[in-house]
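Please read the structure below before turning to the comments.
Number of protein chains: 2
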Amino acid sequence: MTATSHVTAEQTQFINGVAGKLSGFLSEQQDLMATVSPDVEPLIGSISNLVTGGKRLRALMCYWGWRGAGGPAGDPDIITAGCALELFQAAALIHDDIIDRSDTRRGGPSVHKRFNQLHEMNGWALDSGRFGDAAAILTGDLCLSFSEESFTEIGHRAAAGSPARRIFNVMRAEVMAGQYLDILEEVAGPVRDRAGSVERAKSIIRYKSAKYSTEHPLALGGALAGAPEGLLKGYSEFSLPLGEAFQMRDDVLGVFGDPETTGKPAGDDLREGKRTVLVGFAINQAPPAEADYLDRMLGNPGLGEVEVAEIRRVIVECGALDATESLIAELSNRAFEALERLPLEDLPLVALRQLAEAAVSRAA
Amino acid sequence: MTATSHVTAEQTQFINGVAGKLSGFLSEQQDLMATVSPDVEPLIGSISNLVTGGKRLRALMCYWGWRGAGGPAGDPDIITAGCALELFQAAALIHDDIIDRSDTRRGGPSVHKRFNQLHEMNGWALDSGRFGDAAAILTGDLCLSFSEESFTEIGHRAAAGSPARRIFNVMRAEVMAGQYLDILEEVAGPVRDRAGSVERAKSIIRYKSAKYSTEHPLALGGALAGAPEGLLKGYSEFSLPLGEAFQMRDDVLGVFGDPETTGKPAGDDLREGKRTVLVGFAINQAPPAEADYLDRMLGNPGLGEVEVAEIRRVIVECGALDATESLIAELSNRAFEALERLPLEDLPLVALRQLAEAAVSRAA
Numbered sequence: 001m002t003a004t005s006h007v008t009a010e011q012t013q014f015i016n017g018v019a020g021k022l023s024g025f026l027s028e029q030q031d032l033m034a035t036v037s038p039d040v041e042p043l044i045g046s047i048s049n050l051v052t053g054g055k056r057l058r059a060l061m062c063y064w065g066w067r068g069a070g071g072p073a074g075d076p077d078i079i080t081a082g083c084a085l086e087l088f089q090a091a092a093l094i095h096d097d098i099i100d101r102s103d104t105r106r107g108g109p110s111v112h113k114r115f116n117q118l119h120e121m122n123g124w125a126l127d128s129g130r131f132g133d134a135a136a137i138l139t140g141d142l143c144l145s146f147s148e149e150s151f152t153e154i155g156h157r158a159a160a161g162s163p164a165r166r167i168f169n170v171m172r173a174e175v176m177a178g179q180y181l182d183i184l185e186e187v188a189g190p191v192r193d194r195a196g197s198v199e200r201a202k203s204i205i206r207y208k209s210a211k212y213s214t215e216h217p218l219a220l221g222g223a224l225a226g227a228p229e230g231l232l233k234g235y236s237e238f239s240l241p242l243g244e245a246f247q248m249r250d251d252v253l254g255v256f257g258d259p260e261t262t263g264k265p266a267g268d269d270l271r272e273g274k275r276t277v278l279v280g281f282a283i284n285q286a287p288p289a290e291a292d293y294l295d296r297m298l299g300n301p302g303l304g305e306v307e308v309a310e311i312r313r314v315i316v317e318c319g320a321l322d323a324t325e326s327l328i329a330e331l332s333n334r335a336f337e338a339l340e341r342l343p344l345e346d347l348p349l350v351a352l353r354q355l356a357e358a359a360v361s362r363a364a
Numbered sequence: 001m002t003a004t005s006h007v008t009a010e011q012t013q014f015i016n017g018v019a020g021k022l023s024g025f026l027s028e029q030q031d032l033m034a035t036v037s038p039d040v041e042p043l044i045g046s047i048s049n050l051v052t053g054g055k056r057l058r059a060l061m062c063y064w065g066w067r068g069a070g071g072p073a074g075d076p077d078i079i080t081a082g083c084a085l086e087l088f089q090a091a092a093l094i095h096d097d098i099i100d101r102s103d104t105r106r107g108g109p110s111v112h113k114r115f116n117q118l119h120e121m122n123g124w125a126l127d128s129g130r131f132g133d134a135a136a137i138l139t140g141d142l143c144l145s146f147s148e149e150s151f152t153e154i155g156h157r158a159a160a161g162s163p164a165r166r167i168f169n170v171m172r173a174e175v176m177a178g179q180y181l182d183i184l185e186e187v188a189g190p191v192r193d194r195a196g197s198v199e200r201a202k203s204i205i206r207y208k209s210a211k212y213s214t215e216h217p218l219a220l221g222g223a224l225a226g227a228p229e230g231l232l233k234g235y236s237e238f239s240l241p242l243g244e245a246f247q248m249r250d251d252v253l254g255v256f257g258d259p260e261t262t263g264k265p266a267g268d269d270l271r272e273g274k275r276t277v278l279v280g281f282a283i284n285q286a287p288p289a290e291a292d293y294l295d296r297m298l299g300n301p302g303l304g305e306v307e308v309a310e311i312r313r314v315i316v317e318c319g320a321l322d323a324t325e326s327l328i329a330e331l332s333n334r335a336f337e338a339l340e341r342l343p344l345e346d347l348p349l350v351a352l353r354q355l356a357e358a359a360v361s362r363a364a
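First to last, the protein sequences are chains A and B.
First residue of the first sequence? That's 1 in this note's numbering, and the numbers climb one at a time after it.
First residue of the second sequence? That's 1 in this note's numbering, and the numbers climb one at a time after it.
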């Protein structure tokens, strides 16, 4: 076997392990729910549906962080850690979709939309939208609790005071802080100084995305395997710029991506008013009248194809897309250089290189 | 000292311990947040504000469950458990208030309302209501994570697989399921069979309130102190009917309470469309035309004083208030009888009796 096919085989085994464990965990939770009432079945149903798909980027970062630090393949603890990360991500997505008013997720209805539809199908009373949001808030809370329950199952490696537990705690707090900065910038950005918008957008992606999606999961896997401080520091030099590039790629796709491939309607990030690094560059580099136009259009849920096309034109012509692509390239380079400096065996090195390439060059 | 003054002294010491520990914990979290951005300060600020007040019923149940099972006074582990319960309760209240559209909490603005006001004071762009809800969703998530972080700090007594951890996990899952049943009944109740409404309302209060507010906290304290199965069973025979009576008292106050004393506008439970046991009795016992009137009025946010007074009249005249008061009395009796059967020393016995009396006879 080549290193690449070895990586694929091992990854598949891990992902299957995570999927199987998640399915068993949720089935036990469904049994508990059944003792409460058959009416609560859709809560776990929504969570199961959500953890079935996805790129499993965080679980994989965690896995290779573990393997890179000498953790054995197929260890149940790392599979449990992968489940905890997947459940945490599902919880975050459920609440994110309420916050962003996103009715679709991975090509299907988002959780609040599912409950909204359940209401309408059953001809229930009062407001179906409010019911959908309320049910999804509770489902997200349940999923957040499950994530922690799963993480604790790891036992002594994740016990109180352990490095892994500290990383897990900081990860959760920082991503929630980062998400708050994100929604704050949507509303405060238009009345704050334009010159600071790129720096603020960089801070948002660092906390809401880079630390959460790549840096902390990789460190978590390493810490669970007992990685020394030096290795964790090296991990961070690779994973933080990688995560930043990953999120900027996501932001570019949010404006320029093909809806067929991304599974999200074109221009949704603009309708939500996301003030990304891409937008920050545009606000600063576009002629004042066009920058004002962007400020007026961002966060307008009624943006049509014509306006989305016009915003794209402004972003391209002022050089903001080029500036963002340069930054993605620079961060990627920094990440790949740091990766090559890591004292890793062949297998985790090849695997992380592969994950990194997929993260920054993807189309969806 | 009499037993009562001994209880008061010990309780005060415990509550001060919880308050001090919460304040230290949140101040450390604020330090972490400060490394992210000064902008995220209001998240922890809202949580601090919320955990400062309240009856601390759950923490006290936990404390006396611990003491009743032989746990020593002033042990740091039980203080930490009290913090975890208070943080969990704060998280639940933050999300509850979004779900119920409650703009006040303990006489002040609720968390989503605070963020809503922050938006307006700063003249930020886009929708202040949406921003308030989104920020409160994230604040509740953060607080839920803090609850778990605090619970894990207990260490080996709350480690993976321990009875205390199992109770904590089941408590969280059941209360979220119960809250879902609550919002489901608001919308599905009007189109479901009226005959089942009292039973459904009883199931809701069992899971969303009785198990969560009294049964699980008491058991948790007991389990942390290593209580045998038999004692935990006895605890439950006391605390479950007590919690049901407690919630029914709350429901009666939600319709008939004095806003000056409860801190909530009169009739808010009716405007939210809460289908309580009280309402269930009324729907079944009132003349059909009046039952239909209740079905039409419940969940109408525009209910004025005249309608609230009319609903009260219907509830009183059909005997639903009497039926509810009888049930409260019956459940209270059952709880107090079970309490006297518990093999407790004088101090925890007196304390639990006092807590139970306050819970079922309160006016706020």
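Glycine included, every Cβ here is placed at the ideal spot set by N, Cα and C.
Small disclaimer: the values here were computed from a predicted structure and weren't measured.
DSSP state of residue i mapped onto helix, strand, coil
i	result
Gly-108/B	strand
Ile-154/A	coil
Met-1/A	coil
Lys-55/A	coil
Gly-257/A	coil
Asn-16/B	helix
Arg-249/B	helix
Leu-278/A	helix
Pro-348/B	helix
Cys-318/A	coil
Residue nearest to residue i in terms of C-alpha spacing, selected from the options
i	options	result
Phe-88/A	Thr-152/A, Leu-327/A and Glu-325/A	Thr-152/A
Lys-208/B	Pro-190/B, Asp-96/B and Ile-137/B	Asp-96/B
Ala-125/B	Phe-168/A, Ile-79/A, Arg-192/A and Ala-91/A	Arg-192/A
Val-7/A	Leu-32/A, Glu-41/A, Gly-45/A and Arg-67/A	Arg-67/A
Asp-133/B	His-156/B, Pro-109/B and Ile-154/B	Pro-109/B
Glu-28/B	Gly-45/B, Arg-296/B, Ile-15/B and Gln-13/B	Gly-45/B
Ala-338/B	Ile-205/B, Arg-106/B, Val-308/B and Leu-232/B	Leu-232/B
Lys-21/B	Gly-196/B, Leu-253/B, Ile-78/B and Glu-41/B	Ile-78/B
Thr-104/A	Glu-149/A, Pro-348/A, Asp-127/A and Leu-50/A	Leu-50/A
Phe-336/B	Leu-242/B, Ala-81/B and Met-61/B	Leu-242/B
Gly-74/A	Gly-17/A, Leu-60/A, Arg-130/A and Val-40/A	Gly-17/A
Gln-13/B	Leu-60/B, Met-1/B and Pro-301/B	Leu-60/B
Ala-81/A	Thr-139/A, Gly-257/A, Gly-65/A and Ile-328/A	Gly-65/A
Gly-273/A	Pro-301/A, Pro-288/A, Arg-313/A and Gly-319/A	Pro-301/A
Cys-318/B	Ile-328/B, Leu-344/B, Ala-291/B and Ala-19/B	Ala-291/B
Asp-127/B	Ser-236/A, Glu-148/A, Arg-313/A and Asp-100/A	Asp-100/A
Pro-163/B	Pro-217/B, Val-198/B and Glu-305/B	Pro-217/B
Through-space distance from residue j to residue i, alpha-carbon basis
i	j	result
Ser-326/A	Ala-245/A	10 Å
Phe-146/A	Ala-159/A	17 Å
Glu-215/B	Ala-356/B	12 Å
Gln-354/A	Arg-56/A	14 Å
Asn-116/A	Leu-220/B	36 Å
Gly-178/B	Ile-205/B	7 Å
Ile-154/A	Ala-69/B	29 Å
Gln-247/B	Tyr-212/B	11 Å
Met-33/A	Glu-41/A	7 Å
Val-255/A	Leu-184/A	20 Å
Met-121/B	Arg-106/A	38 Å
Glu-237/A	Thr-139/B	30 Å
Val-111/A	Arg-58/B	31 Å
Glu-340/B	Ala-9/B	23 Å
Pair within 9 Å by beta-carbon distance, residue i and residue j
i	j	result
Arg-200/B	Gly-280/B	yes
Gln-360/B	Arg-249/B	At residue 360/B the sequence reads Val, which differs from the Gln that was named. Result yes, Cβ atoms of Val-360/B and Arg-249/B sit closer than 9 Å.
Val-36/A	Ser-203/B	yes
Ala-358/A	Ile-315/A	no
Thr-262/B	Leu-253/B	yes
Ile-137/B	Ile-137/A	yes
Arg-172/B	Leu-224/B	no
Arg-365/A	Gly-189/A	Residue 365/A lies beyond the stretch modelled for chain A, which goes from 1 to 364, so this question has no answer here.
Asp-268/B	Ile-283/B	no
Phe-168/B	Cys-83/B	no
Asp-251/A	Tyr-180/B	no
Ala-91/B	Cys-143/B	yes
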